[in-house]
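K.L.:
Got a structure for you, questions after.
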Amino acid sequence: MAASLEARVGPLALPSPAMLASGILGISTRVFGRLLDAGAGAVVTKSLSVEAWEGYANPTVIGAPGGGWLNAVGLSNPGAAEFARMLRAEPAVPAIVSLVGSEPGDFARMVAEFGGCNVIAYELNLSCPHVARVGLEVGDDISLVESIVRATRAASGVPVMAKVGLGTANYLDTVGAAAAGGADAITAINTVRAMAIDAEAARPTLSNAFGGLSGAPIKPVALRCVYEIASRHDIPVIGCGGVSTWEDAVEFVLAGACAVQVGSALAGGNMGVFGEINAGILRYMERKGHKSVQEMVGLAKK
Amino acid sequence: MAASLEARVGPLALPSPAMLASGILGISTRVFGRLLDAGAGAVVTKSLSVEAWEGYANPTVIGAPGGGWLNAVGLSNPGAAEFARMLRAEPAVPAIVSLVGSEPGDFARMVAEFGGCNVIAYELNLSCPHVARVGLEVGDDISLVESIVRATRAASGVPVMAKVGLGTANYLDTVGAAAAGGADAITAINTVRAMAIDAEAARPTLSNAFGGLSGAPIKPVALRCVYEIASRHDIPVIGCGGVSTWEDAVEFVLAGACAVQVGSALAGGNMGVFGEINAGILRYMERKGHKSVQEMVGLAKK
Amino acid sequence: MPKSDIPSARTVLSVADETPTVRTLEFEDAALARAEPGQFAMVWVPGAGELPMSVMVSDIAGRAAFTVRTHGPSSRALYGVREGGIIGVRGPYGNSFDAKTDSALLVGGGTGLVPLMRLITRLPAGARIGLAMGSRTADEVLFEGRARALAEKREIRIEVATDDGSRGVAGTAVDAARLLLDSGRYAAAYTCGPEPMMAALVGEAAARGVPAQASVERVMKCGVGICGSCCMDDRLVCCDGTVFGGDYLASSADFGRAWRSKSGAAVPF
Amino acid sequence: MPKSDIPSARTVLSVADETPTVRTLEFEDAALARAEPGQFAMVWVPGAGELPMSVMVSDIAGRAAFTVRTHGPSSRALYGVREGGIIGVRGPYGNSFDAKTDSALLVGGGTGLVPLMRLITRLPAGARIGLAMGSRTADEVLFEGRARALAEKREIRIEVATDDGSRGVAGTAVDAARLLLDSGRYAAAYTCGPEPMMAALVGEAAARGVPAQASVERVMKCGVGICGSCCMDDRLVCCDGTVFGGDYLASSADFGRAWRSKSGAAVPF
Ligand SMILES: Cc1cc2nc3c(=O)[nH]c(=O)nc-3n(C[C@H](O)[C@H](O)[C@H](O)COP(=O)(O)OP(=O)(O)OC[C@H]3O[C@@H](n4cnc5c(N)ncnc54)[C@H](O)[C@@H]3O)c2cc1C
Ligand SMILES: Cc1cc2nc3c(=O)[nH]c(=O)nc-3n(C[C@H](O)[C@H](O)[C@H](O)COP(=O)(O)OP(=O)(O)OC[C@H]3O[C@@H](n4cnc5c(N)ncnc54)[C@H](O)[C@@H]3O)c2cc1C
Ligand SMILES: Cc1cc2nc3c(=O)[nH]c(=O)nc-3n(C[C@H](O)[C@H](O)[C@H](O)COP(=O)(O)O)c2cc1C
Ligand SMILES: Cc1cc2nc3c(=O)[nH]c(=O)nc-3n(C[C@H](O)[C@H](O)[C@H](O)COP(=O)(O)O)c2cc1C
Ligand code: FES
Ligand code: FES
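Chains as they are written, first to last, in the numbering used here: chain A, 301 to 602; chain B, 301 to 602; chain C, 27 to 295; chain D, 27 to 295.
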């Protein structure tokens with residue numbers, strides 16, 4: 301039997317463990333098609349809210365001086381209802397829909413919008429580090445997390461993933477609450493709250509001052525979180541943060557992730573990254589004699 | 301009046317705002333002399349404990365894939381008493397002594413060892429992310445922080461700085477507790493808990509598995525912490541994390557730091573970094589018409 | 027991410043009024059000085075936002091420029107930057123016009139002429155150049171002298187159109203372009219400007235069998251292919267563009283029809 | 027930090043027994059293959075620690091090697107790695123011997139001979155070579171044939187010392203070196219091995235007016251000048267060394283007298 305790239309995220313089977321991360325090229329269903337063709341195992345949409353949001357003013361995305369990116373896009377999105385309309389027009393494009401909101405009702409209401417759409421899972425953004433009253437502020441409120449996950453789970457017929465990040469609470473408690481609420485998987489991590497200041501202008505560069513750091517700089521932190529979650533909780537984990545090569549993907553899997561998400565590595569129009577990651581993982585599996593991605597999960601913890 | 305590099309950290313006046321960070325070349329008093337000659341505004345010693353510690357087995361320090369370094373040295377140090385003996389032999393070398401321990405008594409006992417030493421301040425390491433029962437585990441225990449700072453303050457005749465980092469509690473609460481305990485300044489931040497996994501070996505690379513990420517990758521995170529602390533607390537802040545150029549130093553000052561610490565940038569024997577930072581800050585001050593470092597503190601928040 | 031993705035402070039070295047509402051700001055930047063026509067930079071005006079801007083040519087080596095029309099809050103702020111003022115730039119981003127032709131028809135509306143000026147500098151030594159330029163009024167006619175100067179020894183024929191008919195043809199640049207297109211003397215068409223104008227031009231060129239390229243504008247947040255704000259069909263205007271070929275554009279569901287607002291919602295032109 | 031600071035997996039391609047307790051492991055590594063004599067790598071044996079190791083020469087282009095004596099836990103694990111096994115390497119680190127001389131006396135004890143083998147490859151074409159080598163017993167004499175082979179057409183004179191007198195002079199490499207030093211035929215001395223031996227050699231060389239260089243060992247955690255574990259006086263052996271000149275060493279308070287344990291406490295030799 302040859303090595304297979306198929307990845308299992310709880311009940312979900314994906315053709316490759318490398319998916320598109322939320323907020324990356326995440327508002328165009330036509331671009332999703334291109335990414336799936338390029339080898340993405342799944343695509344996660346931009347985080348959608350009940351109402352349409354404009355997001356922050358530019359500068360919203362800038363290079364970070366130590367590599368990677370700083371962004372404070374501010375969760376701009378056309379709103380769940382409008383996005384559902386776009387998705388409904390593309391039944392051939394399976395999507396993981398990311399949702400952001402402040403209370404259980406927001407999430408249940410949004411799920412209800414996606415009737416007739418090819419939604420294979422929901423991802424709850426409990427971890428955006430730069431927008432008030434949603435994201436990380438919700439993720440840091442442990443009891444709210446459980447009720448939000450529970451409400452989404454009740455409303456949804458497909459798996460629900462909770463995306464966590466580093467906030468002011470212990471993110472492992474957030475994971476625990478999400479698991480208690482019935483989450484089918486955990487995505488870890490979102491961007492890390494950070495900022496840039498321009499010495500000549502003597503002011504923060506991002507219009508929102510605070511943003512999130514992504515890309516290569518956060519990989520060692522994300523890898524640690526995946527390892528910690530997989531060590532302490534019995535729930536599938538999707539690794540996210542700085543994945544740009546097949547080695548990165550393999551490291552996350554060895555740390556305990558059943559799949560990974562790729563964001564910043566898409567910069568520069570690098571959609572070929574999915575094909576490279578897939579090919580590299582397969583070569584690695586063949587070299588090491590692994591038949592399935594599943595059997596590699598968590599090997600570094602043994 | 302020409303621009304002056306003098307920096308004030310609460311009651312402390314330093315010839316330059318760029319000091320050596322703790323744990324970097326921090327066990328040799330003779331090396332301290334060389335660093336001060338190279339332009340360091342002050343040197344902070346390796347964190348010292350009541351007993352001598354061997355630290356973890358190698359690999360303890362490795363390059364991080366996205367830049368910077370991962371370390372789990374494990375707070376190896378010869379113990380406060382032995383270090384005080386070395387320091388006593390070098391009265392011409394002023395030192396900021398970093399201390400690490402688990403309870404107020406540890407710190408008070410260690411301070412008592414430094415009679416006759418040229419100690420200009422103590423820095424309490426409440427933030428090492430990879431050693432049990434000290435460092436971050438202490439910093440995450442808000443009530444313990446206050447009593448430790450209070451005890452050290454009572455035992456010490458010189459300023460006491462509390463060094464914080466990103467743990468499982470809200471680090472801003474740690475800052476608040478340290479301030480309540482009488483800290484004269486806050487150093488932010490320590491390394492960020494992280495790890496590396498080697499795909500070929502299929503295991504964590506650091507012998508301790510978990511370590512701390514330092515250098516350029518964490519600069520945007522450290523800058524954010526300094527900005528947040530300076531926005532919410534009225535206490536001098538020393539910025540630490542990824543400072544390697546004069547621009548970095550200026551950015552930290554504009555974010556609200558009265559001084560900075562330099563660690564990873566020393567890699568490769570780069571002691572000249574202090575001279576370069578000093579010269580760069582001076583040129584910037586002259587170009588912008590600033591007379592003192594103090595007047596630049598927090599300008600990006602205006 | 028390369029260093030060029032971090033906004034770098036640049037001092038504005040000269041400011042020149044082009045029209046009553048348009049100014050050109052020059053500065054030193056080795057990478058932008060070498061930008062290809064169609065490439066853009068993200069331009070930060072500290073405190074007033076960041077905008078995509080085509081990279082304008084400068085006559086001074088090592089310099090680049092932006093030519094901006096004052097309009098909403100960010101463009102007004104950029105327009106208001108004085109000599110000695112500081113802007114932040116990152117880039118250059120995007121692809122560029124393919125300048126390999128012996129006779130080029132350039133069709134630009136308003137500040138859409140900016141990439142066409144750089145294109146003139148890249149056209150072959152012996153190329154014949156036609157330039158159709160549209161503006162609102164006679165006052166607002168942009169770069170007429172500059173185009174002649176950049177053409178150097180090459181033949182250049184210029185047709186002007188104004189919305190109000192105060193100079194040249196009354197209409198858009200397409201109306202001016204038709205005069206040149208009909209001469210049959212141009213083997214390739216290049217356009218930048220308001221999208222409905224470009225869509226019309228691409229259609230006119232196709233009808234005459236002339237291959238066209240258009241430089242497209244969208245809302246741009248990242249400029250580097252991660253945010254998705256600039257999408258047009260399944261393309262990213264910031265990396266797959268800004269320049270697209272007429273064949274693709276003719277088949278596009280979005281080109282000339284809809285763009286995405288800052289929230290990502292489709293908005294008809 | 028350059029990529030070379032991350033432990034990179036290398037497959038051991040050959041393992042050769044040098045003595046009953048010493049083995050040489052070869053592998054491909056372009057950067058280490060070009061290492062200068064005196065430079066070292068940090069060698070990770072997954073699960074069994076990481077050690078500083080001098081970079082041994084290989085006869086095959088693009089390859090480097092380590093020659094390790096089995097002793098404590100990490101060296102025993104490295105010694106035990108078989109062909110096809112994986113080690114992680116980072117480096118090369120440190121400075122190197124200055125090989126510019128027309129007549130060189132090399133004085134090595136045990137695996138201290140490793141950098142001296144690479145030094146032979148760097149000595150000038152016409153250089154005269156003296157090699158004094160010390161080992162515990164006749165069995166443990168290392169690199170005798172290798173040194174002759176590396177010397178190629180150059181004159182090489184070898185003197186052996188053993189601790190137990192089972193071969194050559196009874197004593198350390200210094201006792202063997204004295205024979206060569208006294209010939210007055212060597213303009214420069216190079217040494218690596220146990221520090222008391224090196225300290226004695228530096229003294230003997232100085233007494234005869236021969237400039238000496240010594241490659242020093244210390245506990246090394248980072249290898250790159252940040253942890254401080256390798257300090258000697260105000261120097262960092264990992265970056266300022268491993269090679270130091272005799273004049274400095276003669277004035278050193280630490281050389282030959284004390285090193286730092288893993289905790290950083292000074293320990294007398
Ligand atoms: C590739 C490209 C090249 C361009 N080149 C030029 C040029 O050379 N000269 C020129 O004058 N204009 C150019 N533009 C248009 C320019 O970017 C602005 O759209 C225009 O100046 C209007 O900005 P405004 O501040 O007047 O905003 P309004 O149109 O009033 O919009 C309000 C706010 O929205 C934001 N905004 C507006 N347009 C954009 C955008 N495209 N992307 C992201 N945010 C935006 C700004 O914060 C702005 O202040 C170019 C656009 C693109 C995409
Ligand atoms: C620049 C340099 C070059 C060297 N080159 C060689 C060589 O070519 N061949 C060779 O056999 N040996 C070499 N050594 C010595 C080698 O690094 C070890 O010190 C030696 O192999 C003993 O290790 P051990 O595992 O037997 O440990 P022990 O001496 O029993 O010590 C116990 C543990 O301490 C740690 N340790 C030991 N030495 C060091 C050290 N120097 N730095 C950090 N941690 C250490 C290890 O984890 C070891 O397992 C070199 C040392 C240095 C500094
Ligand atoms: C421009 C940008 C926008 C993002 N938007 C979202 C979002 O809407 N929802 C979300 O959950 N994460 C969002 N993220 C975070 C990413 O999904 C991902 O968690 C993070 O970037 C780390 O992965 P990376 O290092 O591969 O980019 C965004 C990241 C970037 C860079
Ligand atoms: C090898 C190493 C050892 C360190 N040891 C200590 C320590 O003993 N005590 C402490 O407070 N911080 C220690 N740190 C953290 C640094 O002082 C500093 O907070 C961190 O490295 C971030 O700064 P940098 O990016 O400039 O290195 C250590 C860092 C490194 C890399
Ligand atoms: S502007 Fe962000 S993807 Fe094009
Ligand atoms: S080994 Fe760390 S400073 Fe030399």
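No residue lacks a Cβ here, since even glycine has one placed at the ideal position from N, Cα and C.
Looking only at DSSP bridge pairs, what is Y216(C) linked to?
P.N.:
By 1-based counting over the third sequence, the position of residue 216(C) is 190. The partner list for Y216(C) (beta bridge, DSSP) reads L132(C) and Q239(C).
K.L.:
Any beta-carbon of chain B closer than 7 Å to the one on P283(A)?
P.N.:
The question about residue 283(A) has no answer here: the residues shown for chain A are numbered 301 through 602.
K.L.:
Is there at least one Cβ from chain C nearer than 7 Å to V343(A)'s Cβ?
P.N.:
Sequence index remark: in the first sequence, residue 343(A) carries index 43 (1-based). Chain C, which has no Cβ nearer than 7 Å to the Cβ of V343(A), makes this no.
K.L.:
Counting only beta-carbon atoms, is G569(A) nearer than 7 Å to chain C?
P.N.:
Here residue 569(A) refers to the residue found at position 269 of the first sequence. Answer yes: the Cβ-Cβ gap between G569(A) and chain C drops below 7 Å somewhere.
K.L.:
Does DSSP classify D31(C) as helix, strand or coil?
P.N.:
Counting from 1 along the third sequence, the entry for residue 31(C) is found at position 5. D31(C): helix per DSSP, three-state reduction.
K.L.:
With a threshold of 6 Å (Cβ to nearest heavy atom), would A268(D) be considered close to ligand 2?
P.N.:
Here the question's residue 268(D) lines up with position 242 in the fourth sequence. Ala is not the amino acid found at residue 268(D); the sequence shown has Thr there. True, at least one ligand heavy atom lies under 6 Å from that Cβ.
K.L.:
So, helix, strand or coil for N121(D), using DSSP?
P.N.:
On the fourth sequence, position 95 is the one that residue 121(D) refers to. In this structure, N121(D) counts as coil in the three-state DSSP scheme.
K.L.:
Determine, using beta carbons only, whether E423(A) and I396(A) come nearer to each other than 7 Å.
P.N.:
Working through the first sequence from its first residue, we reach residue 423(A) at position 123. Working through the first sequence from its first residue, we reach residue 396(A) at position 96. It is a contact, given that the beta carbons lie within the stated cut-off.
K.L.:
Between the beta-carbon of G511(B) and the beta-carbon of N371(B), is there less than 7 Å?
P.N.:
Here residue 511(B) refers to the residue found at position 211 of the second sequence. Here residue 371(B) refers to the residue found at position 71 of the second sequence. Contact flag set, yes.
K.L.:
For G333(B), return the contacting residues in chain A, with the cut-off set at a CB-CB distance below 8 Å.
P.N.:
Position 33 of the second sequence holds residue 333(B). In chain order: nothing, as chain A lies at least about 31 Å away.
K.L.:
Strictly under 7 Å for the Cβ-Cβ distance: is P33(C) near chain A by that measure?
P.N.:
For the purposes of this step, residue 33(C) is taken as the residue at position 7 of the third sequence. True, the Cβ-Cβ gap to chain A drops below 7 Å.
K.L.:
Verify the CB distance criterion: does E586(A) have a CB-CB separation below 7 Å to chain B?
P.N.:
For the purposes of this step, residue 586(A) is identified with residue 286 of the first sequence, where counting begins at 1. So, not an interface residue.
K.L.:
Grouping DSSP H, G and I as helix and E and B as strand, with all else coil, what is E413(B)?
P.N.:
Reading the second sequence from its first residue, position 113 is the one you call residue 413(B). In the structure shown, E413(B) sits in a helix (DSSP, three-state: H, G or I).
K.L.:
If you run the structure through DSSP and keep just helix, strand and coil, what is G511(A)?
P.N.:
As a position in the first sequence, residue 511(A) is number 211, starting the count at 1. G511(A): strand per DSSP, three-state reduction.
K.L.:
The beta strand (DSSP E) with M82(C) in it runs from where to where?
P.N.:
Translated into positions along the third sequence, residue 82(C) becomes position 56. Neither: M82(C) is in no beta strand (DSSP E) and is coded neither H nor E.
K.L.:
Following the continuous alpha helix (DSSP H) through V445(B), name the residue where it begins and the one where it ends.
P.N.:
Position 145 of the second sequence, counted from the start, is the residue given in the question as residue 445(B). Its alpha helix (DSSP H) spans residues I442 to A455.
K.L.:
For the alpha helix (DSSP H) that contains E586(A), what are its first and last residues?
P.N.:
On the first sequence, residue 586(A) is found 286 positions in, with the first residue counted as 1. Counting along the chain, the alpha helix (DSSP H) containing E586(A) begins and ends at V573 to K588.
K.L.:
Anything in the segment 236-259 of chain C with a Cβ closer than 7 Å to a Cβ of chain G? List those residues in chain order, please.
P.N.:
Protein chains in the displayed structure are A, B, C and D, and chain G is not among them.
K.L.:
Please check if any C-beta of chain B sits within less than 7 Å of the C-beta of M27(D).
P.N.:
Stepping through the fourth sequence from its first residue, residue 27(D) is reached at position 1. Residue placement at M27(D) cannot be trusted, given a pLDDT of 48 that sits under 50; the coordinates are not used to answer.
K.L.:
Less than 7 Å between CB atoms is the rule here; does S544(A) satisfy it with respect to chain C?
P.N.:
Position 244 of the first sequence, counting from 1, holds the residue named residue 544(A). It does not: the Cβ of S544(A) has no partner Cβ on chain C nearer than 7 Å.
K.L.:
Can you find the residues in the same chain that come closer than 6 Å, C-beta to C-beta, to P391(B), ignoring five residues on each side of it along the sequence?
P.N.:
In the second sequence, the residue the question calls residue 391(B) occupies position 91. N418, listed in sequence order.
K.L.:
Which same chain residues end up closer than 8 Å to T127(C) when comparing Cβ atoms and leaving out the 5 residues on each side of it in sequence?
P.N.:
Here the question's residue 127(C) lines up with position 101 in the third sequence. Once the five neighbours on either side are set aside, the close Cβ partners of T127(C) are L149, P150, A153, A213 and A214.
K.L.:
Residues of chain D with a CB under 7 Å from the CB of P378(B): which are they?
P.N.:
Here residue 378(B) refers to the residue found at position 78 of the second sequence. Those are S289, G290 and A291, listed as they occur along chain D.
K.L.:
Please check if any C-beta of chain A sits within less than 7 Å of the C-beta of S316(B).
P.N.:
Along the second sequence, read from residue 1 onward, the residue named residue 316(B) stands at position 16. So no, S316(B) is outside the interface.
K.L.:
Assuming T147(C) is part of the alpha helix (DSSP H), what are its boundary residues?
P.N.:
Numbered from its first residue, the third sequence carries residue 147(C) at position 121. Run containing T147(C): L139 to R148, per the alpha helix (DSSP H) assignment.
K.L.:
How many Å lie between I497(A) and S402(B) at the Cα?
P.N.:
Sequence index remark: in the first sequence, residue 497(A) carries index 197 (1-based). Sequence index remark: in the second sequence, residue 402(B) carries index 102 (1-based). Roughly 36 Å separates the two Cα atoms.
K.L.:
Restricting to Cα atoms, I'd like to know which of L176(D), G114(D) and R180(D) is closest to K29(D).
P.N.:
Position 3 of the fourth sequence holds residue 29(D). Cα-wise, what sits closest to K29(D) is G114(D).
K.L.:
With a threshold of 7 Å between beta carbons, is E413(B) in contact with chain A?
P.N.:
The count along the second sequence starts at 1 and reaches residue 413(B) at position 113. Chain A contact via Cβ: absent.
K.L.:
Just how far apart, CA to CA, sit A557(A) and V597(A)?
P.N.:
If you number the first sequence from 1, residue 557(A) lands on position 257. If you number the first sequence from 1, residue 597(A) lands on position 297. So the alpha carbons of these two residues sit roughly 6 Å apart.
K.L.:
Tell me, to the nearest whole angstrom, how far the beta carbon of G251(D) is from that of L375(B); I am working on the premise that it is less than 8 Å.
P.N.:
Position 225 of the fourth sequence holds residue 251(D). Position 75 of the second sequence holds residue 375(B). Not confirmed; about 19 Å, so no contact.
K.L.:
Just the chain A side, please: which residues come within less than 8 Å of N470(B) by C-beta, in chain order?
P.N.:
Taking the first residue of the second sequence as position 1, residue 470(B) is located at position 170. Neighbours of N470(B) on chain A, chain order: T468 and A469.
K.L.:
Distance cutoff 7 Å, beta carbons only. Does I112(C) sit that close to anything in chain A?
P.N.:
For the purposes of this step, residue 112(C) is taken as the residue at position 86 of the third sequence. It does: the Cβ of I112(C) has a partner Cβ on chain A nearer than 7 Å.
K.L.:
In this structure, what does DSSP give as the bridge partners for N425(A)?
P.N.:
Translated into the one-based positions of the first sequence, residue 425(A) becomes position 125. According to DSSP, N425(A) bridges with K463(A).
K.L.:
Taking the alpha carbon of F123(C) as the reference point, which residue from G136(C), T137(C), P141(C) and V200(C) has its own alpha carbon closest?
P.N.:
The residue you call residue 123(C) lines up with position 97 of the third sequence. Checked all of G136(C), T137(C), P141(C) and V200(C); the closest Cα to F123(C) is P141(C).
K.L.:
Return the CA-CA distance between G134(C) and A303(A), expressed in angstroms with no decimal places.
P.N.:
Reading the third sequence from its first residue, position 108 is the one you call residue 134(C). Reading the first sequence from its first residue, position 3 is the one you call residue 303(A). Straight-line Cα distance between these residues: approximately 55 Å.
K.L.:
Using the Cβ count rule (16 or more neighbours within 10 Å means buried), how would you classify I538(B)?
P.N.:
Walking along the second sequence from the start, residue 538(B) turns up at place 238. Answer is buried; the Cβ neighbour count reaches 16.
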